[in-house]
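Just remember that the working numbering sits 121 ahead of the position in the sequence shown, which is counted from 1. Glycine included, each C-beta is placed from N, C-alpha and C at the ideal position. First up is the structure itself, then whatever we jot down about it.
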Amino acid sequence: MAVLEQNPLLEGLELARTPEPCALVIFGASGDLTRRKLFPAIYSLAYRQLLPARFAVVGVARTEWSDDEFRDDMESAVREFARDEFRQDVWDTLAPGVRYVSTEFDSPEGADRLSACLTELDEERGTRGNRVYYLAVPPDVFRLLVRQIGEQRAAEGWTRLIVEKPFGYDLTTARELNQGLHGHFAEDEIFRIDHYLGKETVQNVLALRFANGIFEPIWNRQFIDHVQITVGESLGVERRAGFYEQAGAIRDIFQNHLLQLLAVTAMEPPIDFTAESVRNEKVKVLRAMHTPGPKHIVRGQYGRGFVDGEDVPAYRDEEGVAPDSMTETYVAAKLFLDNWRWADTPFYVRTGKRLPRRETTVAIQFQRAPHPPFAEIAGEGLRPNVLIVHIQPNEGVSLEIGAKVPGHGMQIRTVHMDFLYGGAFRTGLPEAYERLILDAMLGDATLFTRSDEIEEQWAIVDPIVAAWRRDRPVFPNYASGSWGPKEANDLLERDGRAWRTH
Ligand code: BG6
């Protein structure tokens, strides 16, 4: 709390809403996500006193742990991964409400033990039958759990479900999952996570567009030449080959994070910031998007190379990856939206693993000045204005403008006008999961994906994947540490444009 209280720039910015008493049940609690993201997020919420006073967390997984063993493991996870320093007094507010139930997910006996544990917590901790279930489990156990939770709803209190990605494998499976969910839960009780929507900077795209009078009038095909969205990662597949071999970049990032970034960039202003208004507008963007033809989409797979000066293996040599794997680790596409605002304005998007650095940006490139009356242009020439939203790292916004070089004559060079989060608010940004867990407890689904939205996303992806099945590109086709395959550069060069590299 000290940090918040001492920072005058944060005055008046604290959250007024506190969730009602509740228990958070995490299925898949022994997994990496719980250690790296969920518990550190819960701790940071406790650190800022944003959790309800009457609160409990129950971890559920197969690993045989006692309550104490789970608590100890979570404490070490918090020490290792939380963005805040470890404070014993904060941990002591959380720890007594932390329980663990070891069970196979399909065991009725385990379900009964969980239910008994929750009833006990209602009495001990005053959680009043309110539950948030976090499903961080593989898709095969998902349906079963949904049914189990649906059938065991407490007589009192509310029940909400947070559902991790991947949400389905294609449109058919996503529809099946939605049907399964809707058999037991209303749409406003379901919170499908796309953690990119929890990132401050993604929400800032909305703030930038709709809290300022100057951008919206020029945010359209008349003033914007094109948009570039990059979700770049320097990491490789790590230890997730089992999942990634089936998913590839198209299902792992393009279907969800990339399309969400595009939707918030391109959507019409919502009439208010409620879940339905915001999501209605995003769905319209997805409906307006047509599936790119084969010439407008490029896939790649990384070969051996150097990232951060380190020699890294090719994707096919990673542990758990088939030596002839055809899974793509890179996708680039040129997308169009069929609506009045964006007709004929290309959205170039790309995502890849083992790129030179971790960098996610949305760059809005405006039309060139129609007639610059200056003869002397310095350096690379007078470039068009670009508004860049730095989603991560170095979170902020910068505007590239032409400025006069000091001295005699009238030389122009491109310079940056920068807003950096760190500088303006002097505070660390909350992790996406903090915001999302808190919002689910508050029942606010604005930053979660609605069922029709997710189905629209798959409707865009399915034909791309189907077309890919018809041919076998030569993989690997880009070296680790490069910005992707040559064909991805051609995609823009054909249009007289180029990817941004900084
Ligand atoms: C996850 C993907 O959804 O997002 C990962 O499954 C990816 O493959 C990760 O690394 C990227 O998230 P972030 O927040 O680090 O950009």
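Environment of residue i [buried if 16+ CB atoms lie within 10 Å]
i, result
"Arg591", "exposed"
"Asn251", "buried"
"Asp459", "exposed"
"Asn598", "buried"
"Lys626", "The question about residue 626 has no answer, for the chain in this structure spans 122 to 623."
"Ser603", "buried"
"Asp359", "The residue you asked about is not Asp; residue 359 is Glu in the sequence shown. Flag for Glu359 reads exposed."
"Trp463", "buried"
"Arg420", "buried"
"Ala561", "buried"
"Leu134", "Low confidence applies here, because Leu134 scores a pLDDT of 48, under 50, leaving its location unreliable and the question unanswered by this model."
"Met195", "buried"
"Leu356", "exposed"
"Pro217", "exposed"
"Ile512", "buried"
"Trp579", "buried"
Spatial neighbours of residue i in its chain, beta-carbon cut-off 6 Å, leaving aside the 5 residues before and after
i, result
"Phe569", "Phe312 and Arg313"
"Ala619", "Leu613"
"Gly424", "Ala435, Pro597 and Ala600"
"Glu126", "Confidence at Glu126 is low in this model, with a pLDDT of 42, below 50, so the placement of that residue is unreliable and no value is reported for it."
"His303", "none"
"Asp205", "Ser165 and Tyr168"
Counterpart residues of residue i in DSSP-defined beta bridges
i, result
"Gly421", "Tyr451"
"Gln513", "Thr481"
"Val536", "Ile522"
"Leu456", "Phe468"
"Thr570", "Arg313"
"Ile147", "Gly180 and Tyr255"
"Ile350", "Val470 and Val483"
"Leu508", "Ile485 and Leu520"
DSSP-derived helix/strand/coil call for residue i
i, result
"Arg234", "helix"
"Ser223", "strand"
"Thr412", "coil"
"Phe364", "helix"
"Ile345", "strand"
"Asp432", "strand"
"Thr466", "coil"
"Gln324", "helix"
"Ile339", "helix"
"Ala580", "helix"
"Gly473", "strand"
"Tyr254", "strand"
"Phe331", "helix"
"Val595", "coil"
"Ile392", "coil"
"Thr214", "helix"
"Arg281", "strand"
"Ala167", "helix"
"Phe427", "strand"
"Ala545", "helix"
"Ala600", "strand"
Top-ranked residue by Cα proximity to residue i, from the options
i, options, result
"Thr248", "Ala144, Ile485, Phe427 and Ser223", "Ala144"
"Phe394", "Pro434, Thr412, Val219 and Phe331", "Phe331"
"Phe596", "Ala174, Val262 and Thr450", "Thr450"
"Phe207", "Leu166, Val452 and Ala396", "Leu166"
"Arg478", "Ala587, Val352 and Arg408", "Val352"
"Leu215", "Arg571, Val179 and Gln381", "Val179"
"Thr412", "Ala609, Asp233 and Ile585", "Ile585"
"Asn333", "Pro390, Trp186 and Tyr469", "Pro390"
"Leu265", "Gln300, Arg621, Ala275 and Arg615", "Gln300"
"Phe487", "Leu329, Glu141, Phe336 and Ser355", "Phe336"
"Thr481", "Phe495, His378 and Glu552", "His378"
"Ser228", "Ala257, Ala203, Ala182 and Arg192", "Ala182"
"Arg615", "Gln422, Trp279, Pro287 and His417", "His417"
"Arg192", "Arg556, Thr155 and Lys607", "Thr155"
"Arg471", "Gly617, Ile371 and Gly528", "Ile371"
"Ala150", "Ile283, Arg621 and Tyr221", "Tyr221"
"Trp340", "Pro493, Glu555, Leu508 and Ile533", "Leu508"
"Pro514", "Ala566, Pro491, Val406 and Glu354", "Glu354"
"Leu456", "Leu298, Ile581 and Val433", "Ile581"
"Pro551", "Thr184, Gln324, Ile283 and Tyr365", "Gln324"
"Gln170", "Trp186, Ala177 and Thr139", "Thr139"
Residues near residue i in its chain [Cβ-Cβ closer than 8 Å; skip 5 each side]
i, result
"Phe540", "Gly517, Val518 and Ser519"
"Asp445", "Arg437"
"Val199", "Phe160, Pro161, Tyr164, Phe207 and Trp212"
"Ile403", "Correcting the residue type first, residue 403 is Lys in the shown sequence and not Ile. So the qualifying residues of the chain are Gln381, Ala384, Val385, Met388 and Glu574."
Contact set for residue i: own chain, Cβ-Cβ below 7 Å, skip 5 residues either direction
i, result
"Val326", "Val385, Thr386, Val483 and Val510"
"Arg593", "Met447"
"Val536", "Ile522 and Ala524"
Residue i CB to nearest heavy atom of the ligand MN below 7 Å
i, result
"Gln513", "Questions concerning the ligand MN fall outside what the structure shown contains, since the ligands it does hold are the ligand BG6."
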